[in-house]
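In this note's numbering, the protein residues as written are 1 to 468.
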């Protein structure tokens, strides 16, 4: 019973589940706002009604998702004081700074701009109204950066001094926290992945309509936009992922070693696509490998040396005392590969989709179904990527400074955490049903029509456009 009600285990499960649930909405917001801004810009510049219809149609999906993201994000902050008070006490001086800036600057900007965008269709001049959606995008992206900067401190603590008298890490250089190499590498990787997810949703929705031969003049351009965005975003993810991998090797070499289950320091290290090993994971029985690839990913040289788990374990024991400093190997190993699989699979689906729909061709029903069901591939890859990022840091909650087991609230019982975990799960399950039904209803609806000629001025369209 004690194992079931272990506060540490339950608190980790609660934070992990609520974080992943919240992150269902974040990447779609980051990617969809860019697509909506591009379409509205095209409408203002050309006056073509199709662009306005795309703006309004996918703008509804963006707004539904944006609202749910705000609701689920609030719960995250409560958990720091509820289940992780020792963590909050230790890094509150540092962690709170970027989160405060996120609320005071980024969220204020995006909340103001999105309000003007929603209610300003028939009140603001088209070009001024266009600035509000770009302002919304800027606010959401800045917000993402401040949150990533806070998370990056957990991966690579910088800009602080440890005060023995208080037992806390105290902020001494805020710019060092903001310019953390991990945050600088995480931002483009997160944004490009978000573009891929939004592209998948756009392509999936368009495929649903095109399968039924509905709204062809609107959904065919949307499909092309989504497929091309998927490829562009995928290329960006590969480029930024390579940069992030180099930073990870420099700041958290154990994470890279665990990602390959590499126990011994190796030069000319290969990368295993698939491996079978002994139950303890220390010996390999069978594997499919790409020669030199791990060395290249880690050092950008084919013969570079990659540190192994055993050597790093000995080094960390000398630095930090007795303990197991390797994360759960099977989680990091397989999450790293599944993350890449869903990313590359998404790009492949987009390429095939462009080929099958070239020159106005109409794919078969089963091919449209594949497009619809694979639209979630980028999201699955993103969620698995965050599991790799956070689980690969273990046993640290703040790398090299504070272990996860020391960060949990000392006076919160396992039963209390279990009750809140069950309550959050039930509430989030209900919200998931509501969110999914709202998105499906909006996605399956017909785009808004406008009783205007194609060459009418955007200002005239704006006056007749109804608010959401």
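Don't be surprised by glycine CBs; every beta carbon is placed ideally from N, CA and C.
Nothing here was measured: the structure is a model prediction, and the numbers come from that model.
Taking all protein chains shown into account, do 16 or more other C-beta atoms lie within 10 angstroms of the C-beta of residue i, making it buried, or fewer, making it exposed?
{"i": "residue 151", "result": "buried"}
{"i": "residue 127", "result": "exposed"}
{"i": "residue 433", "result": "exposed"}
{"i": "residue 423", "result": "exposed"}
{"i": "residue 272", "result": "buried"}
{"i": "residue 189", "result": "buried"}
{"i": "residue 322", "result": "exposed"}
{"i": "residue 337", "result": "buried"}
{"i": "residue 56", "result": "buried"}
{"i": "residue 19", "result": "buried"}
{"i": "residue 358", "result": "exposed"}
{"i": "residue 355", "result": "exposed"}
{"i": "residue 153", "result": "buried"}
{"i": "residue 225", "result": "buried"}
{"i": "residue 213", "result": "exposed"}
{"i": "residue 22", "result": "buried"}
{"i": "residue 429", "result": "exposed"}
{"i": "residue 211", "result": "buried"}
{"i": "residue 52", "result": "buried"}
{"i": "residue 200", "result": "buried"}
{"i": "residue 364", "result": "exposed"}
What distance in whole Å lies between the Cβ atoms of residue j and residue i, which are believed to be in contact at a cut-off of 8 Å?
{"i": "residue 251", "j": "residue 155", "result": "6 Å"}
{"i": "residue 86", "j": "residue 420", "result": "That belief does not hold up - the Cβ atoms of residue 86 and residue 420 are roughly 18 Å apart, past 8 Å."}
{"i": "residue 382", "j": "residue 197", "result": "6 Å"}
{"i": "residue 195", "j": "residue 31", "result": "5 Å"}
{"i": "residue 79", "j": "residue 186", "result": "So it is not a contact: roughly 21 Å between Cβ atoms."}
{"i": "residue 84", "j": "residue 407", "result": "5 Å"}
{"i": "residue 54", "j": "residue 222", "result": "6 Å"}
{"i": "residue 171", "j": "residue 160", "result": "6 Å"}
{"i": "residue 89", "j": "residue 168", "result": "7 Å"}
{"i": "residue 339", "j": "residue 384", "result": "5 Å"}
{"i": "residue 297", "j": "residue 245", "result": "5 Å"}
{"i": "residue 391", "j": "residue 328", "result": "6 Å"}
I'd like to confirm something about residue i: is its beta-carbon nearer than 8 Å to some heavy atom of the ligand GTP, or not?
{"i": "residue 51", "result": "Questions concerning the ligand GTP fall outside what the structure shown contains, since it holds no ligand whatsoever."}
Might you give, ordered along the chain, the residues of its own chain that have their beta carbon closer than 7 Å to the beta carbon of residue i, omitting 5 neighbours on each side?
{"i": "residue 347", "result": "230, 231 and 234"}
{"i": "residue 215", "result": "209, 446 and 447"}
{"i": "residue 326", "result": "254, 258, 309 and 313"}
{"i": "residue 341", "result": "none"}
{"i": "residue 26", "result": "69"}
{"i": "residue 463", "result": "Caution applies to residue 463, whose pLDDT of 44 falls short of 50 and renders its modelled position unreliable; the model cannot decide the point."}
{"i": "residue 454", "result": "Any answer about residue 454 is weak, because its pLDDT of 47 lies below 50 and its placement is not dependable; what the coordinates show is given next. Excluding sequence neighbours, residue 454 sits near 48 and 49."}
Could you name the residues that DSSP lists as bridge partners for residue i?
{"i": "residue 224", "result": "Partner(s): none; residue 224 has no beta bridge."}
{"i": "residue 171", "result": "160"}
{"i": "residue 403", "result": "396"}
{"i": "residue 290", "result": "271"}
{"i": "residue 306", "result": "266"}
Leaving out the 5 sequence neighbours to the left and right, which residues in its chain are closer than 6 Å to residue i when beta-carbon positions are compared?
{"i": "residue 254", "result": "312"}
{"i": "residue 456", "result": "In this prediction, residue 456 has a pLDDT of 49, which is less than 50 and means its spatial position is unreliable; nothing more can be read from the coordinates."}
{"i": "residue 142", "result": "106"}
{"i": "residue 267", "result": "303 and 305"}
{"i": "residue 114", "result": "136"}
{"i": "residue 377", "result": "342, 345 and 346"}
{"i": "residue 333", "result": "261"}
{"i": "residue 16", "result": "none"}
Please list, in chain order, all residues of the same chain as residue i whose beta carbon is under 8 Å from its beta carbon, the five residues on each side excluded.
{"i": "residue 64", "result": "435, 438, 439 and 442"}
{"i": "residue 399", "result": "154, 155, 156, 157, 251, 252 and 393"}
{"i": "residue 1", "result": "Since pLDDT at residue 1 reaches only 46, below the 50 mark, its modelled position is unreliable, and the value read off the structure follows with that caveat. Cβ neighbours of residue 1 beyond the five flanking positions: none."}
{"i": "residue 12", "result": "404"}
Review point. With contact counted as at least three CB pairs below 8 Å, one residue from each stretch, are the region 91-101 and the region 170-186 in contact?
Key: yes
Check your understanding: Counting Cβ pairs closer than 8 Å, one from the region 367-378 and one from the region 194-214, do we hit at least three?
Key -> yes
**Study point:** Inter-stretch contact (C-beta, 8 Å, three-pair minimum) for the region 138-149 and the region 100-117
**Key:** yes
**Study point:** Cβ pair count under 8 Å reaching 3, the region 128-144 against the region 33-45
**Key:** yes
Review point. Is the region 345-365 close to the region 299-315, with three or more CB pairs under 8 Å?
Key: no
Review point. Do the region 403-417 and the region 4-21 touch if we need at least three Cβ pairs shorter than 8 Å?
Key: yes
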